[in-house]
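Colleague:
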Ligand code: NAI
Ligand code: MG
């Protein structure tokens, strides 16, 4: 059975890094006989230019039918003046909500070869391997009502609403428990149950779910403490599950423990395990078109795609091993350059991963 991978290069460095990931995917497709078919479509600023909308119907249609999506990045200074609803980022948000990609998986793994890139001491981060599971389509980012209103006193009041339904909490909880089962069987649920009612319910539901996953050890932590623990002793965590806003902040914090935004992949999944995979970084307009971008976050995202949406663990592991090999060889794009490294361009890094495969 042939399966379709939709490539959405997007803007800035997006096309450069997706091109490298595509080469790697085509290579494993041959090598492991995966029967993948590749398509590509426009999203973000690239779609705005050609079709006047950041998420054309044709792109959404292909995305809906695809088995998995690999996205580069969207946005750039060119579109900064546009109203929120017309910006390239709307393309990405639209895909997330239309495809109901509620589960955002962001691993923070420190590659031993890059240990010196972390801002924390080596003993605090060496061997770091944690997975943050962030709820992506609910919580305060989406709650209604929202806005800025005029009070009778004459001053303005801004307001947002924090809501989660029980089913929203349950489905993200299940993804997190299952991720923990496949890893070191420790799950920490992060909330603010001492202040926010939504998260009191969140905590009750996680406790309830735990009975279905008796092999997973569940703990709870307030978000302020979790932020502190992530820089104090991050290796105490295996899987962290949390809501949209807390997850946004904590996953960026965890990402930086590894020191290099150019290395960090992500997955966003729906109930059918259909997923959109993308690097955590943006379109990096400051280095776009210069052949400087690190393609590894996108390449590792492609490995996650093979693992989570296409059930091809062997091919996924082969890509990850190839990435590790090129790092062992000392090959470095500018963002991860160290004194004894060999500086390579975006496509040279792709060449090296391909050779290692
Ligand atoms: P950014 O992640 O694009 O760049 C931050 C810094 O990291 C820059 O100095 C950039 O050169 C560097 N960088 C990022 N990725 C890199 C890579 N692969 N290799 C080497 N260096 C890399 O974040 P920024 O500058 O805040 O945003 C730029 C644009 O990207 C904005 O329009 C923003 O809205 C958009 N953006 C899009 C995202 C997405 O598509 N998922 C996520 C974040 C931002
Ligand atoms: Mg963020």
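In the working numbering, the protein residues as written are 6 to 362. Ideal Cβ positions, reconstructed from N, Cα and C, are used throughout, including at glycine.
(1) Would you identify the three-state DSSP class for residue 164, choosing helix, strand or coil?
(2) Could you give the distance in angstroms between the alpha-carbon of residue 382 and the alpha-carbon of residue 43?
(3) Grab the span of the beta strand (DSSP E) containing residue 224 for me, first residue to last.
(4) Hey, how far is the Cα of residue 22 from the Cα of residue 213?
(5) Hey, out of 55, 320, 313, 206, whose CA is closest to residue 451's CA?
(6) Quick check on DSSP: helix, strand or coil for residue 288?
(7) Output the boundary residues of the alpha helix (DSSP H) element that contains residue 36.
(8) Beta carbon of residue 207, beta carbon of residue 196: below 8 Å?
(9) So within the stretch 38-102, which uninterrupted alpha helix (DSSP H) runs reach at least 4 residues, ignoring any that extend past its ends?
(10) In the stretch 131-188, which residue ranges form an unbroken beta strand (DSSP E) of at least 3 residues, counting only runs that do not cross its ends?
(11) State the Cα-Cα distance for the pair residue 20 and residue 297, rounded to the nearest angstrom.
(12) Tell me whether residue 258 sits in a helix, a strand or coil according to DSSP, three-state version.
(13) Are the beta-carbon atoms belonging to residue 114 and residue 185 less than 8 Å from one another?
(14) Does the distance from the CB of residue 310 to the CB of residue 280 come in under 8 Å?
(15) Is residue 338 closer than 8 Å to residue 354 when the C-beta atoms are compared?
(16) Between residue 47 and the ligand HEM, is the CB less than 7 Å from at least one heavy atom?
(17) How big is the Cα-Cα spacing for residue 145 and residue 36?
(18) Let's test the definition: count the other Cβ atoms within 10 Å of the Cβ of residue 291 and tell me whether it reaches 16, buried, or not, exposed.
(19) Quick check on residue 283: buried or exposed, where buried means 16 or more other Cβ atoms within 10 Å of its Cβ?
(20) Can you give me the Cβ contacts of residue 92 inside the same chain, cut-off strictly under 6 Å, excluding the 5 residues immediately before and after it?
(21) Any heavy atom of the ligand NAI closer than 7 Å to the CB of residue 18?
(22) On a CA-only basis, which of 194, 218, 174 is nearest residue 224? Give me that one, please.
(23) Does DSSP classify residue 323 as helix, strand or coil?
(24) According to DSSP, residue 281 sits in a beta bridge with which residue or residues?
(25) Look at the Cβ atom of residue 307, then the Cβ atom of residue 30, and state whether they are nearer than 8 Å.
(26) Give the DSSP bridge partners of residue 194, in chain order.
(27) Classify residue 63: buried if its beta carbon has 16 or more other beta carbons within 10 angstroms, exposed otherwise.
(28) Which whole-angstrom value is the C-beta distance of residue 270 and residue 14, which I expect to be below 8 Å?
(29) I want to check one thing, is the minimum distance from the CB of residue 252 to the heavy atoms of the ligand NAI below 7 Å?
(30) With hydrogens ignored, establish whether the beta-carbon of residue 292 is closer than 7 Å to any heavy atom of the ligand NAI.
(31) If you drop the 5 nearest sequence neighbours on each side, which residues of the same chain put their C-beta closer than 8 Å to that of residue 28?
(32) For residue 249, which residues from the same chain have a beta carbon less than 8 Å from its beta carbon, with the 5 sequence-adjacent residues on both sides left out?
(33) The ligand NAI heavy atoms versus the CB of residue 340: any closer than 7 Å?
(34) Would you kindly work out how many angstroms separate the C-alpha atoms of residue 218 and residue 183, rounded to a whole number?
(35) Throw me the rounded Cβ distance for the residue 104 and residue 275 pair, which I believe falls under 8 Å.
Modeller: Judging by the given coordinates:
(1) strand
(2) Missing from the structure shown is residue 382; the chain here goes from 6 to 362 and no further.
(3) That run of the beta strand (DSSP E) goes 222-227.
(4) 42 Å
(5) Since the first residue of the chain shown is 6 and the last is 362, residue 451 is not available in this structure.
(6) coil
(7) Its alpha helix (DSSP H) spans residues 19-36.
(8) For residue 207 and residue 196, yes; Cβs fall inside 8 Å.
(9) 50-56, 62-70
(10) Counting only runs of 3+ residues, the beta strand (DSSP E) found wholly inside the stretch 131-188 occupies 134-140, 152-155, 161-164, in chain order.
(11) 13 Å
(12) helix
(13) no
(14) yes
(15) Contact: yes.
(16) Questions concerning the ligand HEM fall outside what the structure shown contains, since the ligands it does hold are the ligand NAI and the ligand MG.
(17) 45 Å
(18) With fewer than 16 other Cβ atoms within 10 Å, it is exposed.
(19) buried
(20) 84
(21) Indeed, a heavy atom of the ligand NAI lies less than 7 Å from the Cβ.
(22) Nearest of 194, 218, 174 to residue 224, Cα basis: 194.
(23) helix
(24) 74, 273
(25) yes
(26) DSSP links residue 194 through a beta bridge to 225, 246.
(27) exposed
(28) Going by Cβ atoms, the distance from residue 270 to residue 14 rounds to 16 Å, so no, they are not a contact pair.
(29) no
(30) yes
(31) 355, 359
(32) 139, 140, 141, 142, 143, 144, 145, 146, 147
(33) yes
(34) So the alpha carbons of these two residues sit roughly 8 Å apart.
(35) 6 Å
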